Amino acid sequence: MEVSMSVNGDTQTSDVEPRTLLVHHIRDTLGLTGTNIGCDTSSCGACTIHVNGESVKSCTMLAVQADGTEITTIEGLAGDDGELHPMQAAFMECHGLQCGYCTPGMVMAASSLVAENPEGLDETAVRQGLEGNLCRCTGYHNIVKAVLAVGDTA
Amino acid sequence: MSVGQSPLRHDAAAKTDGSIEYAGDTVPAGALQAVVVFSGRAHARMLLMSTDSALAVPGVVDIITAADAPVNEYGLTMRDQPALVGVDHTGAAAVDAAVSRWEADQIAVVIAETRAAATAGAAAIEVEWEDLPLVDNIDAALAPKAPLVHPENGLDTNAYHHLRIRKGDPDFGFALAYAVIDEVYEVPHQEHAYLQPEAGTAYIDNEGRVTIEIGGQWTSEDREQVAHVLGLPEDRVRIIYKAIGGAFGGKEDMSIQIALGLAAMRLAERGEHRPIHCRWSREESIVGHHKRHRGRIRIRLGATHDGTITALEADVDLDAGAYNYTSNKVLGNAHVSVAGAYRIPHARIDSRAIYTTTVPGGAFRGFGGPQGHFAIESAVNRLAAELGIDPVEMRLRNALVDGDDGITQTVMPEGVSMREVITACSLQAELDEALPDPEPFSPIASLPSATTSLRRGRGFAAGFKNIGFSFGFPERCEAEIVLNGNPNDETPTSAELFHGGAEVGQGAHLAMRQMASDATGVSLDDVHGHFSDTATSGDPGSASASRLTFMAGNSILGAAEEAEKAWREGDRPARGFFRYTPPPTEALDPETGTGAPNFCYGYMAQCIEVTVDVDTGHIRVDRVTSTHDVGKAINPALVRGQIEGAVVQAHGYAISEDLQLADGFITNPRFSSYLIPGIGDIPLQVDSQILEFADPLGPFGARGVAEMPFITYTPALTAAVHDATGLWFNTFPLTPSRVLGGLQAAEE
Ligand code: FES
Ligand code: FES
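Chains as they are written, first to last, in the working numbering: chain A, 250 to 403; chain B, 40 to 787.
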């Protein structure tokens, strides 16, 4: 089936098997390997991207369901000049990553969490908002710090 | 000076913008896909295997079986495992290659144009099995006339590795005791759950080497094991580590490396030169790799009125599962740590690793330390309670100090800081202040917060962990440094560091660059690292056992000195190579356990505050104080990251992670049913307290830290739960149902 979607600002049209998951389409067909796969049960959030501005686990959607949508992956989050998105910069500066495998999904989930809460976030809201994203390395404290560093001043 | 500072990780930008390449990200165009086929039998003898129908599946290119393995055996410390189980094998193996001893013994590698075709091919392989009796737990394995899992080793028992300690006269010691506790502790499996499942790509490189791009923990050891099975000299195999999505001990043993290596070698021989890619699903990962050992520890501990320990007896039984992996080494650590960091005049300890037909036990952060410490620290807390002595005071009374003999009857390596660490932790945790009233909490957001059913408690534990592989293992670590500059430059303008040490997320490569910067005087930005490729870097030893900072640092200091010598002699560029070997360690005497097994320890203490909801059984950890003598924090932010990460991993071990086995099969190999902590589950506050009592052998004084914050968490937590509820739990995870069950049983 032919699907067409805007991915990080570029229109991408491809022929996909109807059963292809969006995450596989992004990684294998489009070659955007920043979006990771950590589980088979929609539990980990490593595959989180933005679909029409909202964070979505891309393993829970078929590629055909994304037809006509606007998709942003971690590769498309930085500005055109390559300047990191504030959330990316905050994860770096607050040591919010170790192996980094969860990081793209965390950053995508956190950036939409902040965008959805323009009045600002507190620690409890960050913990609730990122409940669907697992990290096995950091113990999460630095991730909370990174999100608050951006979310507090939003 | 860079050491002691916390510069940003050089890999942080690539990890936040998605450009970093994990093993398996770079699938070259046209690569073939491989699926590793598991036996699906806990214990069975293969009678027949046919790949004819599988080879006829459209898209299937080839199938690798036992017949393709020149040497069909492997293992990190003992070669007791067939690379591929099969009837039609080369016979060059010490182990019976026709027997599956756990559900994930590998029987074939199906290579196809697509993953779907490979999966279909795997399903079309026909196998006939003769079931053998299950030996699915240690009681079954130890029963009289139990079937032997490895009859080929010539032993008449499944308890294939036995360590002893005989010190003083335990009967006399117990006779001196005023109080004695005698308890049995059960420790569960734990799954590593690194977020990246196993993935890799294999090909023949332009020098004709079988090359495997993968994530692991020890390049040279991976190479050795792959080369052994492939029947190749080691220099015909090349291992390259791409970015690694976590490891924690779970990538120390082989998973898909041998399968990939065999496939690349055989396909090339048959004229097929496309690269071969393999990635495991989460389910394949959980079923297919080893776990933290489950086991049972019986302990008797006696002390006088004032809390002075007089005697210890312990029996440590670890379930090694189907193959040894590193069980013999893990057992050694459990064996020594079950005595804690205490002076114990009289002791008998017997520790056994026991084969069963279940998932192998192996390396996992702490490496036997968590099991041993759960038993001894729980026993000390219990004995203190029985004697009415403060648990901190009890520990201070018995803690080892410099000059003391350890439980193995040799003097402790210099730099014993157990007392200082205990004292610092107890002060930081403000133990003299009463706990405030509980804050309401509702573990499930839709429920109203509980208020009247909440109980608060506080628990303490302390301990130690050796740095390195120990027990006589020939430890080594190699580094090369190249100093660049012009002939008349006084000092080098830049430096290249070549090192094999694995970056598994901990920040090792940054710490190594920092140490290289200080060692050469070249600014950090101008120290360039070239890491983890056996074609360019030497033997690093493993990124495990809390050893890498210590070992790599010493190798870097040596290499820098060599390079500087060459620089002074006018070499441009100036090269220095160094192989660091720490003081030798000793295997323990088989009868008495006497010996000097270790050259360095890190010491730790933890205090945990909890709130328990006695109506629902939920536990909230309000505060953790985690105190560590790291010798020298090369990068304090990275050290804190290790502490915070290990604490949360230990929190999962203690509270929620519950691997289920039935008839030798893992029944919950999914993140939806094997629950690692999420961001909402973690301790509300973690105070990392870093102490720096320099280790005399450590680079810049550094010891290690990666495992220590894991090791004492569970006994500190169960002590806190006891403080809150009056109940001692001798097993875990303390899921709500287990806590509630305990509370209800106590009421009846
Ligand atoms: S891969 Fe999508 S949630 Fe785990
Ligand atoms: S940094 Fe490794 S999983 Fe989060």
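Yeah, the Cβ is synthetic: ideal placement off N, Cα and C, and Gly gets one too.
It should be emphasised that the depicted structure is a prediction, and the values quoted were computed from it without experimental measurement.
Under DSSP, the beta strand (DSSP E) around residue i begins and ends at which residues?
| i | result |
| --- | --- |
| Q72 (chain B) | L71 to F77 |
| T443 (chain A) | Given a span of 250 to 403 for chain A in the structure shown, any question on residue 443 (chain A) remains unanswerable. |
| K306 (chain A) | E303 to K306 |
| T240 (chain B) | A238 to I243 |
| H225 (chain B) | Going by the sequence as given, residue 225 (chain B) is Glu instead of His. It spans A218 to V226 - the beta strand (DSSP E) in which E225 (chain B) sits, taken as one unbroken run. |
| W36 (chain B) | Chain B is shown only over 40 to 787; residue 36 (chain B) falls outside these bounds and no answer can be derived. |
| Y350 (chain A) | Taken as a continuous stretch (DSSP letters only), Y350 (chain A) belongs to no beta strand (DSSP E), as it is neither H nor E. |
| E252 (chain B) | V249 to I253 |
| F340 (chain A) | Run containing F340 (chain A): none in the beta strand (DSSP E); it sits in the alpha helix (DSSP H), P335 to E342. |
Buried or exposed: which applies to residue i, given that a residue is buried once 16 or more other Cβ atoms fall within 10 Å of its Cβ?
| i | result |
| --- | --- |
| M117 (chain B) | buried |
| Q314 (chain A) | exposed |
| L86 (chain B) | exposed |
| F403 (chain B) | buried |
| M457 (chain B) | buried |
| V229 (chain A) | Since the first residue shown for chain A is 250 and the last is 403, residue 229 (chain A) is missing from the structure and cannot be characterised. |
| S585 (chain B) | buried |
| P67 (chain B) | exposed |
| R387 (chain B) | buried |
| H334 (chain A) | buried |
Examine chain B for any beta-carbon lying closer than 7 Å to the beta-carbon of residue i, and answer yes or no.
| i | result |
| --- | --- |
| Q337 (chain A) | yes |
| C491 (chain A) | In the structure as shown, chain A starts at 250 and stops at 403, and residue 491 (chain A) therefore has no counterpart that could be examined. |
| S263 (chain A) | no |
| R385 (chain A) | yes |
| G388 (chain A) | yes |
| D330 (chain A) | no |
| G287 (chain A) | yes |
| T282 (chain A) | yes |
| C293 (chain A) | yes |
| C296 (chain A) | no |
| A395 (chain A) | no |
Tell me which residue opens and which closes the alpha helix (DSSP H) that residue i is part of.
| i | result |
| --- | --- |
| K184 (chain B) | First-last for K184 (chain B): undefined, no H or E at that position. |
| T462 (chain B) | M457 to Q467 |
| L357 (chain B) | Counting along the chain, L357 (chain B) falls outside any alpha helix (DSSP H), though it belongs to the beta strand (DSSP E) covering I348 to G360. |
| G691 (chain B) | P675 to I694 |
| S255 (chain A) | First-last for S255 (chain A): E251 to V256, but that is the beta strand (DSSP E), not the alpha helix (DSSP H). |
| F211 (chain B) | P209 to L215 |
| R777 (chain B) | P775 to E786 |
| S562 (chain B) | Counting along the chain, S562 (chain B) falls outside any alpha helix (DSSP H), and DSSP gives it neither H nor E. |
| M40 (chain B) | No alpha helix (DSSP H) contains M40 (chain B), which DSSP labels as neither H nor E. |
| A599 (chain B) | L587 to R607 |
| V5 (chain B) | In the structure as shown, chain B starts at 40 and stops at 787, and residue 5 (chain B) therefore has no counterpart that could be examined. |
| Q545 (chain B) | First-last for Q545 (chain B): undefined, no H or E at that position. |
| H761 (chain B) | Y752 to T764 |
| Q410 (chain B) | G408 to L426 |
| K330 (chain B) | That residue, K330 (chain B), is in no alpha helix (DSSP H); it is neither H nor E in DSSP. |
7 Å is my cut-off, CB to CB: does residue i come that close to chain A?
| i | result |
| --- | --- |
| K54 (chain B) | yes |
| A676 (chain B) | yes |
| S492 (chain B) | no |
| E322 (chain B) | yes |
| D564 (chain B) | no |
| I325 (chain B) | no |
| A232 (chain B) | yes |
| Q448 (chain B) | no |
| A51 (chain B) | yes |
| G57 (chain B) | yes |
| R662 (chain B) | no |
| D64 (chain B) | yes |
| E519 (chain B) | no |
**Request:** Specify whether the region 177-194 of chain B and the region 88-100 of chain B touch according to this definition: at least 3 beta carbon pairs, one from each stretch, less than 8 Å apart.
**Result:** Cβ pair count under 8 Å is below three, so no.
**Item:** Sufficient close CB pairs (3 or more, under 8 Å) joining the region 637-649 of chain B to the region 499-512 of chain B
**Value:** Result yes; three or more Cβ-Cβ pairs closer than 8 Å.
**Asked** Are the region 388-400 of chain B and the region 212-219 of chain B touching by the rule of at least three beta carbon pairs closer than 8 Å?
**Response** These segments do not touch.
**Message:** Pairs of beta-carbons, one from the region 256-269 of chain B and one from the region 377-393 of chain A, closer than 8 Å: are there three or more?
**Reply:** With contact defined as three or more Cβ pairs closer than 8 Å, the region 256-269 of chain B and the region 377-393 of chain A are not in contact.
**Asked** Taking contact to mean at least 3 C-beta pairs separated by less than 8 Å, is the region 660-668 of chain B in contact with the region 746-757 of chain B?
**Response** With a cut-off of 8 Å, the region 746-757 of chain B and the region 660-668 of chain B count as touching, because enough Cβ pairs lie within range.
**Request:** Spell out a yes or no on whether the region 767-786 of chain B and the region 515-530 of chain B are touching, meaning 3 or more CB-CB pairs, one atom from each, closer than 8 Å.
**Result:** The region 767-786 of chain B is not in contact with the region 515-530 of chain B.
**Prompt:** Is there contact between the region 132-146 of chain B and the region 154-163 of chain B, where contact requires at least three CB pairs shorter than 8 Å?
**Reply:** Contact fails between the region 132-146 of chain B and the region 154-163 of chain B, because fewer than three Cβ pairs, one in each stretch, are under 8 Å apart.
**Request:** Pick out the complete beta strand (DSSP E) segments inside the region 273-316 of chain B, 3 residues or longer, and give them in chain order.
**Result:** If you keep only unbroken beta strand (DSSP E) runs of at least 3 residues inside the region 273-316 of chain B, you get 276-280.
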